[in-house]
Amino acid sequence: MRLQYPSSVKIIRVPCTGKIDILHILRAFEKGADGVYAVGCMEGDCHYNSGNFRARKRVEQAQKILNTIGVSGERVQMYNLSSSEGPLFAEIAQEMTERIRKLGPNPIKQAMKKAA
Amino acid sequence: MIVADKKPIEEIVEEVKDCDNILILGCNECVTVCEAGGKKEVGILASALRMYFLNQGKDMKIDERTLERQCDQEYLDEIRDIADQYDAIVSLACGVGVQFTAEQYHSIPIYPGVNTCFLGATEERGLWTERCQACGQCVLARTGGICPVSRCAKRLLNGPCGGSSNGMCEISKELACGWQLIVNRLEALDKMDDYEKIFPIKDWSTDRAGGPRKVVREDVQI
Amino acid sequence: MNVKTPSKLEKILKAGHLAVTSECGPPRGSDPEAIKKKAELIKDHVDGINITDNQTSVTRMCSLASCIHLRLMGLEPILQMVTRDRNRIALQSDILGAASFDIHNMLCLSGDHQSFGDCKQGQNVHDIDSMQLIQTVRYMRDEGKFLGGDDIKRPPNMFVGAAANPFADPFEIRVPRLAKKIAAGVEFIQTQCIYNLDKFEEWMRLARERGLTEKVFILAGMTPMKSAGMAKYMKNRVPGMDVPDELVKRLAGVPKEKQAQEGIDICVEAIQRLKEMEGVKGFHIMAIEWEEKVPEIVERTGLYPRPKI
């Protein structure tokens, strides 16, 4: 299909979104990421039954923690789509990129620059 | 196990905000199982605090460590060489671990990172419920294996009270009446005759009421 | 007639009369007139007046002081004591204090949980339970000893009561539980408000079968409904209360301004039916903040005048 999506998106492949931990998300921000989103299978279609539900819970947890520490929790999102939905994947990447551009850079990254 | 729950990050921030160098100290036992103070929670708290203080323009050094147990000296000794370098330690162990760490490292402030809740079990992931209040004189043999002290809101030894309704406690429609559970068990065990035996006035001197308690076992002391 | 205490209530019951008791809730303040006024309204129509002990865990003037006010008026108070707020030292001490004012009746209760009241964050004590409080006061009276074993100089002389709720769950232990209270030493029972007369009758039948009605005086608890709204509230919100749908319907079926009178009528009819029930030895009329209606209920049910003893 050769669909286009923003080059700022770095894909990290995991066997299932259930593998994603809160800590992975937080570390990404510590290392300067401006946003993180998880893309899982459709709810109810998880090969491991509840992996994508676990991911959603963890994304929500990460949002809460980020809100508490002054980094907008909106920078973390969870999406669900099926493997045949390539165009939707590109759309999501676009949507997320726009969301993050509106929010601006990760304040932690800026604070680190200042500290250094 | 001892069940604990995470303290709000804001509360921990308030305690350590004037430090430059802290250690987040987890425990591999109960608090790991109830997902409040194990290695993973240490990592999450440390990461969150690092980002928080960076965002505040403060470069705080936050180290992470998780011990096998914080209620045994031999494990607490593992941080003997490094403890001095910290302005404070945030312990994610239960109240026992926090205090034992404080006793071992007398001159370093120790702050609790969790609220210690009760002695309980994992009913399902994310749901822990109380089973024991450590009264020091177990009555379970007489109550069908269900504890009236921990599972009745009034710890009635001769329950249920008049507030038991459809198997639920008067204080909440989501809380099982402990005495309903006891009666169910006594019926299943064909021991309803036991129900009519009046439970005598309890000796609470082995409970909290008797002051700080200790168990001395000379047979295992060296 | 084997009377054990100076209690007027005991004498009336043991003389074979149907007893009538009522209750007054102490004020949320220190004005003694509040409790005295309530007592004045009912004093000629009842044999004893219960004073509640911080009912529903809302802080009020203490039961003991209120009982003393009634005693000083020459009335017959029934001291309610819950085990929620006091340990065994305080309970024994209050029993002695009550006895020093010649208060001769007491009702042993565990008490509503503090989460219902105005001090939700408070501790509860429950050092002993209601069953054990019955044992305690009987031990103090009959053995003349404190729980600790020391002798009491001038032991308390109380007629000992307790509550029973035939409508709470599990139903199968409600009669065994009554038997247990009798074994603990209780001498009279005041029941939870009765609206489901059939269920109460079943409970009484089971109690009679075990011979329990021969061992304890059972006073049927009656609370007139002021409105259909109150009936619905009692049905849905008050733990351990059994209000049949027909009763709610009957109240809702009359115009609002007549519901209170309908509530009194229902109460009167219930007492008339229960008067004939074997094992019912009297009535405990709890007209909550509606004490002025007690005389009407007592008179209409033929329970007036009260016997002079």
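Chains as they are written, first to last, in the numbering used here: chain A, 1 to 116; chain B, 1 to 222; chain C, 1 to 309.
Backbone N, C-alpha and C fix where the C-beta goes; we use that ideal spot for every residue, glycine too.
Predicted, not measured: the structure shown is a model, and the values here were computed from it.
| Check | Outcome |
| --- | --- |
| State yes or no: is the beta carbon of residue 36 of chain B nearer than 8 angstroms to at least one beta carbon in chain A? | no |
| Would you list, in sequence order, the uninterrupted beta strand (DSSP E) runs of no fewer than 3 residues that lie entirely inside the segment 40-96 of chain A? | 76-80 |
| Could you check whether residue 52 of chain B and residue 25 of chain A sit closer than 8 angstroms to each other, using their CB atoms as the reference points? | no |
| Per DSSP, what kind of secondary structure is residue 290 of chain C in: helix, strand or coil? | coil |
| What are the partner residues of residue 128 of chain B, as DSSP defines its beta bridges? | B:122 |
| Taking the alpha-carbon of residue 205 of chain B as reference, which of C:170, C:28, C:48, C:88 has the nearest alpha-carbon? | C:88 |
| Under 8 angstroms, Cβ to Cβ, is there at least one residue of chain A near residue 4 of chain B? | no |
| Taking buried to mean at least 16 other C-beta atoms within 10 Å of its own C-beta, is residue 84 of chain A buried or exposed? | exposed |
| If you scan the segment 40-125 of chain B from start to end, which runs of the alpha helix (DSSP H) of 4 or more residues do you find wholly inside it? | 73-76, 95-104 |
| Quick check on this structure: which residue in C:197, C:174, C:164, C:159 has the alpha carbon closest to the alpha carbon of residue 187 of chain C? | C:159 |
| Quick check: residue 131 of chain B and residue 150 of chain B, are their CB atoms within less than 8 angstroms of each other? | yes |
| Based on Cα-Cα distance, which residue from C:112, C:204, C:133 lies nearest to residue 171 of chain B? | C:112 |
| Which same chain residues, not among the five before or five after residue 28 of chain B, have their C-beta less than 8 angstroms away from its C-beta? | 38, 39, 66, 67, 68, 69 |
| Are there three or more Cβ pairs, one per stretch, closer than 8 angstroms when the segment 189-204 of chain C is compared with the segment 145-165 of chain C? | yes |
| Closest Cβ-Cβ distance between residue 113 of chain C and chain B: below 8 angstroms? | yes |
| Among the candidates A:29, A:37, A:43, A:3, whose CA atom is the shortest distance from the CA of residue 13 of chain A? | A:37 |
| Pairing CB atoms from the segment 2-13 of chain B with CB atoms from the segment 108-126 of chain B, are three or more of them under 8 angstroms? | yes |
| Can you check whether the C-beta of residue 140 of chain B is within less than 8 angstroms of a C-beta belonging to chain C? | no |
| If you drop the 5 nearest sequence neighbours on each side, which residues of the same chain put their C-beta closer than 6 angstroms to that of residue 58 of chain C? | 117, 118 |
| So with Cβ pairs under 8 angstroms, would you call residue 105 of chain A a contact of chain B? | no |
| For residue 146 of chain C, which of helix, strand or coil comes out of DSSP? | coil |
| Would you tell me roughly how many angstroms separate the C-alpha atoms of residue 217 of chain C and residue 274 of chain C, rounded to the nearest one? | 14 angstroms |
| Flag this pair as yes or no: are the beta carbons of residue 72 of chain B and residue 23 of chain B separated by less than 8 angstroms? | no |
| DSSP has residue 25 of chain B in a bridge; who is on the other side? | B:65, B:91 |
| Any idea what DSSP makes of residue 37 of chain A, helix, strand or coil? | strand |
| Quick one: Cα of residue 246 of chain C to Cα of residue 266 of chain C, how far? | 11 angstroms |
| Using CA atoms only, rank isn't needed, just tell me which of A:111, A:110, A:61, A:115 is closest to residue 124 of chain A. | For residue 124 of chain A there is no data in the structure shown, the boundaries of chain A being 1 and 116. |
| With distances taken Cα to Cα, identify the nearest neighbour of residue 92 of chain A among A:105, A:103, A:58, A:78. | A:78 |
| In the segment 146-167 of chain C, which residues sit with their C-beta less than 9 angstroms from some C-beta in chain B, listed in chain order? | 147, 163, 164, 165, 167 |
| Which residues of chain A have a Cβ atom closer than 9 angstroms to the Cβ of residue 10 of chain B, listed in chain order? | 68 |
| Counting only the same chain and skipping the five closest in sequence on each side, list residues whose C-beta sits under 7 angstroms from that of residue 71 of chain C. | 77, 101, 102, 103 |
| Let me check understanding here. Comparing Cα to Cα, which of A:96, A:46, A:52, A:32 lies closest to residue 47 of chain B? | A:32 |
| Please tell me whether residue 19 of chain A has its Cβ less than 8 angstroms away from any Cβ of chain D. | Of the protein chains in the structure, A, B and C, none is chain D. |
| In terms of alpha-carbon separation, which member of C:260, C:302, C:149, C:224 lies closest to residue 272 of chain C? | C:302 |
| Return no unless some Cβ of chain B is closer than 8 angstroms to the Cβ of residue 112 of chain A. | yes |
| Does DSSP classify residue 200 of chain C as helix, strand or coil? | helix |
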